[in-house]
Amino acid sequence: MTYDAIVVGGGFAGLSAAVRLTKRGVRVLVLEARGRLGGRATSFEDRETGEPVDNGQHVLLGCYTDTWAFLGEIGALGHVRLDPALAVTMIDRTGQRTRLSCPSLPPPLHLVAGVMDWSALAWRDRLSILRMRAPLRLARRQMQPGARAIAASPGETVDNWLIRNGQTARLREMLWEPLAMAALNQPPSRAAAPPFARVLAEMFGPDPKAAAIALPTRPLGDMYAEPARAYIEARGGAVRTGAPAVVHLREGRVGWVESGADRWDSAAVVAAVPWFALGDLFQGDTAPLEPILARARAAEASPIVTVNLWFDRPLFDEPFIGLPGRAMQWAFDQRSIVGGALSHVSLVSSGASPLVARTNTDLIEHAHQELLDALPTARRVRRLRATVIREPRATFSLAPGQPERPGVSTPVHGLHLAGDWIATGLPATIESAVRSGHAAADAISGHLVIESSGH
Ligand SMILES: Cc1cc2nc3c(=O)[nH]c(=O)nc-3n(C[C@H](O)[C@H](O)[C@H](O)COP(=O)(O)OP(=O)(O)OC[C@H]3O[C@@H](n4cnc5c(N)ncnc54)[C@H](O)[C@@H]3O)c2cc1C
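Quick note, our numbering runs 20 ahead of the 1-based positions in the sequence shown.
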């Protein structure tokens, strides 16, 4: 079999690149090292309950424009439920339960109106949101091509940026910190401000729906990975799992790609592997790639810990609740999100460096206790089962001083990169992965057209 393009890596980046190439009539082979597709956004069967479980709850936002286009192309838009606007229930450290609900007004008025009406806050805290209008406007302007506006400097942390812009401690704890932890997977005291400003600029753009939260209604494998596989295979491409690849480079170009006993020559390769796997992907003349490989080696990671608890009865009647100020920052009720017979709550700790080395028993008891503190009625409910999922390299670090992220093009002829760590301006998210996948596919399809018209 010969293929026009080979995509290495079957996560959001690789699959979105492969789907866009397939749409353009390019014959694609996807090689995924693991036994299942999805990479860091995947699902597997729980050993005891047989229930499909995600490797961690994934939340999408209305502003994930490329992700929506990808899901639309593979016929999977119905596998995600998008709220009409931003609305979240929060239970603070004292157990006070309140709801932030942003009305359908032109942005950023919807956020301002939502915060002004939020009973979790004193008036001083509510009014401080007005001070964010100017930095948000700057961040929006910064997105324009060739813009010189700078909303936040690369050396300042999210905390510094928010304090500089007059955000009170209570508003930071209740709104900005949970948002930053979810979007950046790093505490605001550690993460650099520019990617956060970029997320806010995209969330609070002209469409109020851009800030709305969307949750997959199917396990991640069924939500996008298998539909993407079906799309590619129905159009003459192939997707192989359990197929770790090696890309051989010679004389500044891609020589061939190998997986096990198979070997392919290909005009174009997309390396859609995470930064921490890039170093092992190439053999041969890797010297032209050395500056990129050095940056990949130097990039640090930030973990996510998920504790799954199964109960004999439902604990709350909303899809998710925020638990600001606690180690487990969000609780998701899987039964109301994806269905299922049992009450299954996923508690998520982002930026989980302080937790990742603790034992399973300790993590389970800690997560359960935090849930009981927030929801005292949960004391009457019996826990049936508990599991822990650690993703030590869930995302790359956004701390100031981390290496610069590469673009999709490389100095090696025929080789493009994709993945959430590509320089999209966004943090390590599904949307960053898909944008990079689309950008790599666009670059390659232009190149393949030029090559074939040159024959
Ligand atoms: C627990 C958790 C929760 C998250 N929550 C959210 C969220 O709520 N919202 C959000 O937007 N983002 C979230 N993220 C981040 C999101 O999952 C990632 O940004 C995204 O999935 C990255 O996709 P990717 O394709 O760039 O990389 P990956 O998903 O890592 O895919 C790369 C693939 O390459 C494969 N590979 C590596 N080496 C080789 C090789 N030599 N040959 C063949 N294949 C190879 C790997 O096995 C992997 O499958 C979360 C991440 C985690 C871990």
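Built from N, CA and C at the ideal position, the CB exists for glycine as well.
Asked, Found
"The region 46 to 54 contacting the region 308 to 316, beta-carbon criterion three pairs below 8 angstroms", "no"
"Distance, residue 335 Cα to residue 398 Cα", "6 angstroms"
"Beta-carbon proximity list for residue 375, same chain, < 7 angstroms, skipping 5 on both sides", "325, 347, 369 and 383"
"At least 3 beta-carbon pairs within less than 8 angstroms: the region 92 to 100 vs the region 339 to 358", "no"
"Alpha-carbon spacing of residue 413 relative to residue 34, whole angstroms", "18 angstroms"
"Distance cut-off 7 angstroms: residue 357 Cβ against heavy atoms of ligand 2", "Ligand 2 is absent from the structure shown, which contains only ligand 1."
"Beta-carbon proximity of residue 373 to residue 294, cut-off 8 angstroms", "no"
"Rounded separation between residue 237 and residue 145 - CA only", "35 angstroms"
"Same chain, Cβ closer than 6 angstroms to residue 248, neighbours up to 5 away in sequence not counted", "35, 39 and 94"
"First through last residue of the beta strand (DSSP E) which encompasses residue 364", "363 to 369"
"Segment limits, beta strand (DSSP E) that includes residue 185", "Unbroken run through residue 185: none, as it is neither H nor E."
"Any 3 or more C-beta pairs closer than 8 angstroms across the region 250 to 264 and the region 49 to 67", "yes"
"Residue burial classification, residue 245 (beta-carbon count within 10 angstroms, cutoff 16)", "buried"
"Residue burial classification, residue 124 (beta-carbon count within 10 angstroms, cutoff 16)", "exposed"
"Distance cut-off 7 angstroms: residue 429 Cβ against heavy atoms of ligand 1", "no"
"Own chain residues within Cβ distance below 7 angstroms of residue 130, not counting five before or after", "105, 122, 123, 124 and 228"
"Alpha-carbon spacing of residue 288 relative to residue 450, whole angstroms", "24 angstroms"
"Residue burial classification, residue 170 (beta-carbon count within 10 angstroms, cutoff 16)", "exposed"
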